[in-house]
Amino acid sequence: MNESKITIGKLLRADNAQFVAGCRVSELDAPAFGALVRVELNEKIDVYGLIANISIADDGLVRQLVSGVSLPPEYGADNRYNRNLPVEISVLTVGYREELAIYHLLPPRPPLSLDTIYLCSPAELVRFTSSGRFGYFRHILRAFTLPVGELLAAHLKQAQTAHLAAGNAQWFGEAARELITLLRDDHTTLTNVLGALANIDPDWVA
Amino acid sequence: MPVNFVQVKQALAAYTQQVKTHTAQQSSLENELWQVFESSSTQVVKLRAEIRHAAEQARRLWCACPTDEPLLTHRPCPSLPPNYTIMAADGSQIQPSRHKALPYCVVNVGVITARMGSSEAPDTHMHSRLVDYGELFEDGMLVNEDMVSLWRDHAERLALLEHAADLQSPVIALTDGLLGLYMGSRTNQQIPPLANEIYAAYKALAEQGVMCAGYIDKPGSDLLGRMFSLLALPENERAGYDSKTRYYKGISDAALLQNVLTEPGERSAVFEVISTQDRKSENDLAVHFFYLNIGTKGAPYLVKVEIPGWMVRFEERINLLHAAILRETRVLDLHPYPYILHRAHELAVIQLNEHEEVERLLMEAYSTEGIPLGMQSNKQANKMITGRERPDE
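Just so you know, the protein sequences line up as chains A and B, in that order. Just so you know, this note's numbering puts 154 at position 154 of the first sequence, and the rest follows in order with no gaps. So the number in this note's numbering is just where the residue sits in the second sequence, counting from 1, plus 1000.
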């Protein structure tokens, strides 16, 4: 699976359900909240995840600069691009690929420190989200510490764009109906998710 | 064992009384020096002539000497041009220690160059030197801290020279601490050639028009007091001047000039450093200095800036340096200090884990080559057990 080779960072820490990557601010153009990313465990297995949070670290110098009276633009750029303050990208694991098969299950093992994290191409996004019957939604819905509605909305918006470009106009409606089914007993989360979906496609919710 | 706080507490009353007595004496002496300083403000030509004459006769002399500016000069901060280049170099080192399993020394220098007005991120560079094994010993013993400091100073200046080439002028090059070399306790035979190389680097930088400056935070020197101590002697006794018996002892230049630099951003007059030990003092590299108030209204904080003599001829360069350093200190205005120097230090500092990694690399190399490792001292081993200390502490 070498279609996309846009590097977004290197792995800092991981377990089976999630992992955290670090990158420099100068590399921050590619990753976006809700984007599907991939880590190669080995030649046969890729782990997939959704970017669930992006955090910017600080330190004593940054805190002092924030409160300073005068910050020349050159020194703002110095802190962003030269200093060793990585951006942390938290990724929620949503499945893996083994050979040609895609599973919406947790991978056999987490990726390792310093593994490279790649951004998935639209074709990979279509392939992952078309596989099975939205099994990966359950990983998102049980992530109680995350803003589930926002994460789903961000992911569905990107996936919808990719599916429309691939000629599949039905995907978004099917995904939304699956979410309603999964959340039929959780009114609070359903309301949040529907609210977020309405921001993507008001016509569909209406 | 912890400190015996009872004993410390019992000594506090006498201690604070000593502080009061000493402060009162110093305050009186400071007032006296201030009267002389103030009344001599415009007599700079006479003062200069007397000091130069004494310098020719005295066996050992280290003091200030006025330039053309009156002693009470206090210049407000000039305007800063939109475009200029400022760079800084700072170094750190792993000190060789007989307590370690193997002797080695690493000198690390960080250099940062900012093109102000460009909005671009500065360039940063690192230079790490594993000092040649043969240089680690003098008379069969490991070199001392003074020698390592000289290696670090040398590496800083060479790094500035390397990275100053082709920069868009005007260029300011900052280092932390004295611009001149402190030769006091150094007796190593290697010093003269190394010192010559440092002076050669300064000379080359001067030829490129690079404005070198040494920034001294919380300066404690008393060169003005030493100057007036010398002048307080009758003329026929000045040849035998001994700084150990000087009259105005312990009054720092900063304390004196705090009376002059009352407004934030002001700089003092430029003074020359007269040093009978510094054989370069007659040329363009003779160290000069001025003080700068980087504090705020009602809370002055004076720092010292050392510059080479050639810069004194160009007022616009002094103005640029004055304004640029002040701007630098205002970036970190909670604890004012030049941002560019802080970053150079941040680049240079050797963290404990890096220190350990260098040692591991060396041990691997020794092992590969079949060189037997020594043993760390028992003292060092016990220190490492009780806390995560730097191996050379």
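Cβ atoms here follow ideal geometry from the backbone N, Cα and C, with glycine treated the same way.
Beyond the five residues adjoining it in sequence on each side, I6(A) comes within less than 7 Å, by CB distance, of A30, Y118 and L119 in the same chain, given in chain order. What L65(A) touches in chain B, judged by beta-carbon distance under 9 Å, is V1331, L1332 and Y1339, going in chain order.
Contact between M1211(B) and V1171(B) holds, with the beta-carbon distance rounding to 7 Å and staying under 8 Å.
Distance from the CA of T1368(B) to the CA of G1309(B), rounded to the nearest whole angstrom, comes to 52 Å.
Contact check for H1163(B) against V1111(B) passes: the beta carbons are separated by less than 8 Å. Between I1198(B) and D1222(B), the CB-CB gap reaches or exceeds 8 Å.
With distances taken between CA atoms, R1075(B) lies nearest to Y1291(B) out of Y1241(B), K1020(B), M1126(B) and Y1291(B). Q18(A) sits in a strand when the DSSP states are folded into three classes. Between the stretch 24-39 of chain A and the stretch 1291-1301 of chain B, the count of C-beta pairs closer than 8 Å stays below three; the two stretches do not touch. Distance from the Cα of P1070(B) is smallest, within the candidate group E1364(B), Q1018(B), V1270(B) and G1214(B), for V1270(B). Distance check between T1329(B) and each of Y75(A), E27(A), R109(A) and L151(A) places Y75(A) closest, using alpha-carbon atoms only.
If you check each beta-carbon in the stretch 1337-1362 of chain B against every beta-carbon of chain A, the ones closer than 8 Å belong to Y1339, H1342, R1343 and E1346.
Among the residues facing chain B, A32(A) is not included, as its CB has no counterpart in that chain under 8 Å away. The criterion of a C-beta distance shorter than 8 Å is not satisfied by I8(A) and I140(A). Counting the other Cβ atoms within 10 Å of the Cβ of V87(A) gives 16 or more, which makes it buried.
Looking at the DSSP output, A123(A) shares a beta bridge with no other residue. For the pair Q1351(B) and K1100(B), the CB atoms are not nearer than the 8 Å cut-off.
For L112(A), the number of other beta carbons within 10 angstroms of its own is below 16, and it is reported as exposed. Between D1153(B) and the set R1226(B), A1013(B) and G1180(B), the nearest pair of CA atoms involves G1180(B).
A distance of 8 Å or more separates the beta carbons of R1157(B) and A1213(B). Around the beta carbon of F1005(B), fewer than 16 other beta carbons sit within 10 angstroms, so the residue counts as exposed. Considering only beta carbons, the part of the stretch 1113-1131 of chain B lying closer than 9 Å to chain A consists of A1114, R1115, M1116, G1117, S1118, S1119, E1120, A1121, P1122, D1123 and T1124, in chain order. Sequence-ordered contacts of the stretch 1306-1333 of chain B with chain A read R1327, R1330, V1331, L1332 and D1333 [C-beta pairs closer than 8 Å].
Each residue's CA atom was taken as its position, placing Q1057(B) and V1044(B) some 20 Å apart.
For K1304(B), no alpha helix (DSSP H) encloses it; the enclosing beta strand (DSSP E) starts and ends at L1302 to P1308. At a cut-off of 8 Å, the C-beta of L71(A) has a neighbouring C-beta in chain B. Ranked by how close their Cα comes to the Cα of I102(A), the residues I45(A), N192(A) and H187(A) have I45(A) in first place. Chain B has a Cβ within less than 8 Å of the Cβ of D78(A). The C-alpha of G1220(B) lies about 29 Å from the C-alpha of S67(A). Taking the beta carbon of Y96(A) as reference, no residue of chain B falls within 7 Å; the closest one sits roughly 34 Å away. Spatial neighbours of A162(A) in its own chain (CB-CB distance under 7 Å, excluding positions within 5 residues in sequence) are listed in chain order as P122, L125 and V126. By a beta-carbon distance limit of 8 Å, H1127(B) contacts A1159(B). Their separation comes to about 5 Å. Interface annotation, N82(A): in contact with chain B, CB-CB separation under 8 Å. Within the stretch 83-137 of chain A, the complete beta strand (DSSP E) segments at least 3 residues long are 87-98, 101-103 and 116-119, listed from N- to C-terminus. Collapsing the DSSP output to three states places P1122(B) in coil.
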